[in-house]
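In full-length UniProt numbering, the protein residues as written are 1 to 158.
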Amino acid sequence: THGDAEDVPSLFSWDAETEQDFCPAKEVTDEPKEAKKTQDEEFSLWMCQVQIFFTTKFFPAYQHEKVLREKIKENRIRDAALAELRRIKDEELAKLTAGREAEEAKRQEAAAAEKTLDSKSEDFKALEEPVTQPASPPKEEAPSVAPPGVTKGLAGKK
1 THGDAEDVPS LFSWDAETEQ DFCPAKEVTD EPKEAKKTQD EEFSLWMCQV QIFFTTKFFP
61 AYQHEKVLRE KIKENRIRDA ALAELRRIKD EELAKLTAGR EAEEAKRQEA AAAEKTLDSK
121 SEDFKALEEP VTQPASPPKE EAPSVAPPGV TKGLAGKK
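Spelled out as structure tokens, the structure:
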């Protein structure tokens, strides 16, 4: 039994040595600490990246979008004002064109009236000439055609 007693302490010493080498409790406690540390580092890195994104990309882009929206509003207002000016200019141009066309029509009417007056005065001269001179038969036909024109000319002058 004496040998058995010696075997017992050797088992304890073996257990102690194995426990120090193996020590699963230490590894379990170290592993979560390391895992937590890496998770914290990853989270910190992610937060840093998110902050960088917001400060360098998102916020400036948002500000830029606000500026663009403001410019779009200004452009719409400016375009509306320009369209109004164009409409006014088009109306003025249409009035000028209509006035010029009316003047041209009056000129043409005046020229036509003057032409008819000239032709009527020639007809009157032709009528007056046969009265002072002896009338020949062909000329008598011409005065019969002229009086209806004369009456129209007199009615037109009223």
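Glycine included, every Cβ here is placed at the ideal spot set by N, Cα and C.
Pairwise C-alpha distance: residue j and residue i
i	j	result
E41	I52	16 angstroms
W14	E31	Because W14 sits at a pLDDT of 48, beneath the cut-off of 50, its placement in the model cannot be relied upon, and the following sentence gives the value as read from the coordinates. Approximately 26 angstroms between the Cα atoms of the pair.
K73	L82	14 angstroms
S121	G99	32 angstroms
E104	K89	22 angstroms
K37	V50	20 angstroms
E91	T97	10 angstroms
K57	R87	44 angstroms
A110	S119	14 angstroms
P60	D79	28 angstroms
K125	T116	14 angstroms
Y62	F43	26 angstroms
E70	Q39	44 angstroms
T106	R76	In the sequence as presented, Thr is not what sits at residue 106; that position holds Lys. Their Cα atoms are separated by approximately 44 angstroms.
A35	L68	47 angstroms
A112	E101	16 angstroms
E6	K33	Note that E6 scores 49 on pLDDT, short of 50, meaning its location in the model is unreliable and no value can be drawn from it.
K95	L85	15 angstroms
Starting from the N-terminal side, write out each stretch of the beta strand (DSSP E) that is 3 residues or longer and does not extend beyond the segment 35-102.
-> Listed in chain order, nothing qualifies, since the segment 35-102 has no complete beta strand (DSSP E) run of 3 or more residues.
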